[in-house]
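First residue of the sequence shown? That's 106 in my numbering, and the numbers climb one at a time after it.
For each residue, glycine too, the CB sits at the ideal point set by N, CA and C.
Since this is a predicted model, take the numbers as computed values, not measurements.
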Amino acid sequence: MAAAGLAGAVDQPSTYPGCAARELRVEWGGAAVVDLSGCQSFGLGAVATAPAHGSALPEGDPATGYVYTHGGVSPQGGGSDRFVVLDDNSDRISIRVAIAAPASALALGPETPPPLRAGAAMRLRLEASGGSAPYRFEVIDGSWPAGLVMDAEGVVSGTPTARGPFRATLRVTDADGASAERTFAAETAPANIALVPTRATATAGQPFRQALHGRGGVPPYRFALEPGGQLPTGILLGEDGVLQGLTAAPRGDYPLRLRVTDASTGAGEHFVTADFTLRVRP
Numbered sequence: 106m107a108a109a110g111l112a113g114a115v116d117q118p119s120t121y122p123g124c125a126a127r128e129l130r131v132e133w134g135g136a137a138v139v140d141l142s143g144c145q146s147f148g149l150g151a152v153a154t155a156p157a158h159g160s161a162l163p164e165g166d167p168a169t170g171y172v173y174t175h176g177g178v179s180p181q182g183g184g185s186d187r188f189v190v191l192d193d194n195s196d197r198i199s200i201r202v203a204i205a206a207p208a209s210a211l212a213l214g215p216e217t218p219p220p221l222r223a224g225a226a227m228r229l230r231l232e233a234s235g236g237s238a239p240y241r242f243e244v245i246d247g248s249w250p251a252g253l254v255m256d257a258e259g260v261v262s263g264t265p266t267a268r269g270p271f272r273a274t275l276r277v278t279d280a281d282g283a284s285a286e287r288t289f290a291a292e293t294a295p296a297n298i299a300l301v302p303t304r305a306t307a308t309a310g311q312p313f314r315q316a317l318h319g320r321g322g323v324p325p326y327r328f329a330l331e332p333g334g335q336l337p338t339g340i341l342l343g344e345d346g347v348l349q350g351l352t353a354a355p356r357g358d359y360p361l362r363l364r365v366t367d368a369s370t371g372a373g374e375h376f377v378t379a380d381f382t383l384r385v386r387p
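In structure tokens form, the structure reads like this:
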């Protein structure tokens with residue numbers, strides 16, 4: 106039968122195979138049994154070194170294991186403990202206990218990210234509730250859309266440059282080591298691209314130059330004339346959006362349909378078609 110009190114420690118580790126050191130895991134405030142049945146023939150001996158953060162009591166009669174019960178107070182945020190028991194030869198068996206972090210009401214919000222649109226700047230501060238400040242935030246799986254970054258304080262900022270679905274699993278960890286996770290799965294909408302300006306005037310016989318611009322999307326933009334449109338003779342449109350040349354075309358309005366493509370990534374290309382009028386005056 107095992108002795109229940111503390112015994113004087115001896116210097117020799119147990120010679121039973123694999124019994125000199127054992128490991129055990131326990132939940133915060135919980136209990137777990139370390140099976141030492143292979144470390145004795147006639148029952149285990151007493152506790153030689155008591156644990157610092159809980160208690161250790163023999164299991165069975167004669168004892169073939171020990172029950173470790175965590176005290177639920179320390180170490181802060183979880184950690185480890187250690188105790189030593191004797192085998193039936195009075196040799197030491199050292200047991201290291203891994204103590205899980207305490208459960209808490211720690212939560213990560215918001216439940217869903219705000220709507221995202223390629224080319225539109227955004228800033229989001231993640232929220233942690235419960236637990237103990239300060240909090241640390243990290244992405245543990247997936248990622249935010251390209252163009253967005255998140256710092257350790259939970260601030261997500263930037264301008265998305267990628268269209269389409271994304272998935273990011275986030276973790277918040279409090280000062281005590283407790284953590285909570287949330288997965289954001291959403292979609293970044295295509296940009297609302299606008300053409301600026303939508304009208305220009307050229308004078309016949311005079312050099313002409315007008316730079317077109319895209320707004321609302323992801324620069325740089327590419328410009329092209331849609332089929333069916335016809336620029337006045339002598340005027341050319343570059344891919345960079347510059348209209349230039351020298352025309353002798355008859356006076357009047359020349360309605361055009363232009364394609365404006367942004368640099369966002371995703372499935373295919375993202376473009377809009379926009380009306381543009383070039384007026385030629387004498």
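For residue 356, no pairing in a beta bridge is given by DSSP. Straight through space, the alpha carbons of residue 294 and residue 322 are spaced by roughly 11 Å. Residue 190 counts as buried, since at least 16 other C-beta atoms from the protein chains shown sit within 10 angstroms of its C-beta. Excluding sequence positions up to five before and after residue 224, its CB lies within less than 7 Å of the CB of 264, 296, 321, 322, 323, 367 and 369, all in the same chain and listed in chain order.
Contact between the region 199 to 218 and the region 122 to 135 is present: 3 or more CB-CB pairs across the two stretches fall below 8 Å. Judged by DSSP secondary structure, residue 271 falls within the beta strand (DSSP E) whose first and last residues are 269 to 278. Here DSSP, grouped into helix, strand and coil, assigns residue 143 to helix. Counting every other CB atom within 10 Å of its CB across the protein chains shown gives residue 228 a total below 16, marking it as exposed. Per DSSP, residue 258 lies in no beta strand (DSSP E) segment and is marked neither H nor E.
Contact annotation: residue 385 and residue 356 have beta-carbon atoms nearer than 7 Å. In this chain, the beta strand (DSSP E) harbouring residue 175 covers 170 to 175. Look at the region 217 to 260 and you find these whole runs of beta strand (DSSP E), each 3 residues long or longer: 227 to 230, 232 to 234, 241 to 247 and 253 to 255. Counting only residues of its own chain and dropping the five nearest sequence neighbours on each side, residue 161 has a CB closer than 6 Å to the CB of 152, 171, 173 and 188. Spanning the alpha carbons of residue 351 and residue 222 requires a straight line of approximately 40 Å.
The Cβ-Cβ distance between residue 290 and residue 272 falls below 7 Å.
DSSP, reduced to helix, strand and coil, places residue 312 within a strand of the structure shown.
The alpha-carbon of residue 139 is positioned some 19 Å away from that of residue 194. Non-local beta-carbon contacts of residue 182 in its own chain, meaning distances under 8 Å to residues more than five positions away in sequence, involve 206, 207, 280, 281, 282 and 283 in chain order. Contact between residue 330 and residue 342 is confirmed by a C-beta separation of about 6 Å, below the 8 Å threshold. Here residue 236 is buried. Its C-beta has 16 or more other C-beta atoms within 10 Å.
In this model, residue 332 and residue 380 are separated by some 13 Å (Cα to Cα).
Per DSSP, residue 298 lies in no beta strand (DSSP E) and is assigned neither H nor E. Taking a 10 Å sphere around the C-beta of residue 142, we find fewer than 16 other C-beta atoms and assign the residue as exposed. As the crow flies, the alpha-carbon of residue 169 is around 39 Å from that of residue 278. Going by C-alpha positions, residue 246 is about 18 Å away from residue 269. Rounded to the nearest angstrom, the Cβ distance from residue 304 to residue 217 is 42 Å, too far for a contact under 8 Å.
In the structure shown, residue 284 adopts extended strand secondary structure according to DSSP, grouped into three states.
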